[in-house]
Amino acid sequence: MLYGDWSGEALNTSDIFNFLKPKNELENQGESVENHPFIPNELWVKCPVCKNPVLSSDLNENFKVCPKCGYHFRIGARQRIEITVDAESFEEFDAELTSTNIIDFPDYTRKLKNAKLNSRENESVITGRAKIGGCETVLAVMNSQFMMGSMGTVTGEKITRAFEYATENSLPVIVFTVSGGARMQEGILSLMQMAKTSGAVKRHSDAGLLYITVLTDPTTGGVTASFAMEGDIILSEPKALIAFAGPRVIEQTIRQKLPKDFQSAEFLLEKGFVDKVVARSEMKKTLTKLLILHGCGTEAIEKEGD
Amino acid sequence: MSAYDSVTAARANDRPTAIDYITKIFGNSFIELHGDRHYADDKAVIGGIAELNGKPVTVIAIEKGRNLKERMERNFGSAHPEGYRKALRLMKQAEKFHRPVLCFVDTSGAYCGIGAEERGQGQAIAENLMEMMTLKTPILSVLIGEGGSGGALALAVADEVWMLENAIYSVISPEGCASILWKDSTKTAEASECLKLTSQDLFKLGVIERIIREPKNLDSVMFDSFKTLIAQTFDKLESFDTETLLNKRYNRFRKY
């Protein structure tokens, strides 16, 4: 049997060289020669733009912006609120509101359930009031982790209520947008949200109140064609995709490749549709400045003077 | 008639277009006005002033074109931002001169292309939605063929929205819906059902006030009764004071 085993195995020439190779003291020593510390995978993130590995802790300290190339990673709505508002100042509105399958759209019930599980949120937007740099404001932050921030009836309702609250209480509104557009699964009723929210924005505007939008990656479709573009001041995070029709749809329609950076925040700035591109690390400072310039600090200062 | 039959009928080449409605209802009283005063004149959108039973009315319509040559000229009824801006300019003009606005909508959607994006398609539509919500004069919008998403809504923030029997109104085209849902753009019929885009469905959902009977041909008596209905509706809407009118319009959309 032993002999038979031998016959079944071809002699590999590399084995001979391996055999003849003199022993190198520095090889085959395993981990002991590694001169950098062992780091578990989940603590590393690879930047999708510069491809460099970044320590998760460094990334978090840097507002989820790549320290090497400045790429702004997408962040969830809760984290956005945390880095934007004054500590413990956020009071949420309508947290319990959630969508149902209103037109019996196939698979929507399951999709909604998954979206809730994945995002641990009830809808694609979080609304409330908060202080930013000491200034009172109403805030709406969309969430890409919930069905890519698509706008359904509840999204529209929460945003509309936020504007109505702000109008009643003479407060400014800041909306951070991120959205794939209207939510197809709610049919025409999702389209109607564009009109509904625009109506509430207009009433707020006619009351002489400030509305700032902050466009983040990606803001497209029905959200772009409604409240995202209706701000008195429109800010954007660097490199964010901002579009009415997404790049793939356009490429399919016109059958040609789009230029690089087409529909980026910087492109919209150049074309005159964005007021200012603001890095995430500067966002709170910029918002505070704008709120103060619109008299939002006046009340606080007056009180201090009393 | 299935939802898909409506989709086919709404897109049929021999279907009357906006120009037909304008001609049949307003005869030669319609004076077309051109341009958005910013960039260009978008031929996909027609606008002007006409006379309705002796009273002036601003008419704005998306025109697909009645033959291939016209369709190419009109960009198949897909407006660019300048089309929506022309519409808004004419609406503001109507507000100034206290005449009501009548919109005919027939588009597969706002155009998606490089120029449209560069000139702010999203911003142009958004501005129309906002401004129409508080335009201090009655607005009536009638979907006569296709009502494609934001591009249709930009002319349909109105006090009343009507639909021709076989017109459709949807947040996304059935093809787009099918390709997202089933990765198969040929399942248009199934998608048409799911989207609830027919006049019957939309009436049930409370998105439109009235379903208008289809004209069998251009000599149809339908156009006369349609004209009467439009005039009566403007009379009714003009009887409200501005504040009531605007509150009603706000609440019309607030309920969705």
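Those protein sequence lines, which keep their order, are chains A and B.
Each number in our numbering corresponds to the 1-based position in the first sequence with 3 added.
At position 203 of the second sequence (counting the first as 1) the number is 190 in our numbering, and the numbers step up by one without a gap.
Ideal Cβ positions, reconstructed from N, Cα and C, are used throughout, including at glycine.
Please read these numbers as outputs of a predicted model, since none were measured by experiment.
{"Query": "Residues of chain B with CB under 7 angstroms from I162(A), in chain order?", "Result": "Those do not exist, as I162(A) stays about 12 angstroms from chain B at its closest Cβ, beyond 7 angstroms."}
{"Query": "Tell me the DSSP bridge mates of E230(B)?", "Result": "According to DSSP, which records beta bridges pairwise, E230(B) is partnered with nothing at all."}
{"Query": "Quick check on I245(A): does DSSP put it in helix, strand or coil?", "Result": "strand"}
{"Query": "Measuring only the C-alpha atoms, how far is E273(A) from V280(A)?", "Result": "11 angstroms"}
{"Query": "Helix, strand or coil: which one does DSSP assign to G52(B)?", "Result": "coil"}
{"Query": "Classify T231(B): buried if its beta carbon has 16 or more other beta carbons within 10 angstroms, exposed otherwise.", "Result": "exposed"}
{"Query": "Please tell me whether C181(B) and P109(A) are closer than 8 angstroms, where the distance is taken between their beta carbons.", "Result": "yes"}
{"Query": "Quick one: does Q196(A) have its CB under 8 angstroms from some CB of chain B?", "Result": "yes"}
{"Query": "Measure how close the beta-carbons of D29(B) and H67(B) come, nearest whole angstrom, since I'm counting them as under 8 angstroms.", "Result": "5 angstroms"}
{"Query": "Could you have a look at A143(A) and say whether DSSP puts it in helix, strand or coil?", "Result": "strand"}
{"Query": "Pull up the distance between the alpha-carbon of A80(A) and that of F93(A), whole angstroms please.", "Result": "13 angstroms"}
{"Query": "Using a Cβ-Cβ cut-off of less than 8 angstroms, list which residues of the region 158 to 182 of chain A approach chain B; keep chain order.", "Result": "G159 and T163"}
{"Query": "Since M78(B) and L122(B) are thought to touch, with beta carbons under 8 angstroms apart, how far apart are those beta carbons, to the nearest angstrom?", "Result": "6 angstroms"}
{"Query": "Three or more C-beta pairs under 8 angstroms: does that hold for the region 166 to 184 of chain B against the region 226 to 238 of chain A?", "Result": "no"}
{"Query": "Go to V57(A), then tell me how far its alpha helix (DSSP H) extends in each direction, as first and last residue.", "Result": "From DSSP, V57(A) is part of no alpha helix (DSSP H) but of the beta strand (DSSP E) over P56 to L58."}
{"Query": "In terms of residues, what are the limits of the beta strand (DSSP E) holding M150(B)?", "Result": "E147 to L151"}
{"Query": "If we count the other Cβ atoms within 10 Å of its Cβ and call it buried at 16 or more, is N125(A) buried or exposed?", "Result": "buried"}
{"Query": "Quick check on this structure: which residue in I106(A), F276(A), N63(A) and L244(A) has the alpha carbon closest to the alpha carbon of S284(A)?", "Result": "N63(A)"}
{"Query": "Give the residues of chain B in contact with V252(A), contact being defined as C-beta atoms less than 7 angstroms apart.", "Result": "C99"}
{"Query": "Verify whether the separation of the beta carbon atoms of V52(A) and C69(A) is less than 8 angstroms.", "Result": "yes"}
{"Query": "Measure the C-alpha to C-alpha separation of L224(B) and F13(B) and round it to an integer number of angstroms.", "Result": "20 angstroms"}
{"Query": "Please state whether DSSP places D110(A) in a helix, a strand or coil.", "Result": "coil"}
{"Query": "Name the chain B residues whose beta carbon is nearer than 8 angstroms to that of L192(A)?", "Result": "L192, V194 and Y243"}
{"Query": "Looking only at C-alpha atoms, which of F240(B), E69(B) and N0(B) sits nearest to G52(B)?", "Result": "N0(B)"}
{"Query": "Report the neighbours of A113(B) on chain A: residues whose CB is nearer than 7 angstroms to its CB, in chain order.", "Result": "S201, A228, S229, M232 and E233"}
{"Query": "State the Cα-Cα distance for the pair E50(B) and M150(A), rounded to the nearest angstrom.", "Result": "35 angstroms"}
{"Query": "Tell me whether G132(B) sits in a helix, a strand or coil according to DSSP, three-state version.", "Result": "strand"}
{"Query": "Measuring straight from C-alpha to C-alpha, what distance separates S65(B) and I129(A)?", "Result": "35 angstroms"}
{"Query": "Determine, for F96(A), whether the minimum Cβ-Cβ distance to residues of chain B falls below 8 angstroms.", "Result": "no"}
{"Query": "Using only the alpha-carbon positions, how far apart do L58(A) and S182(A) sit?", "Result": "28 angstroms"}
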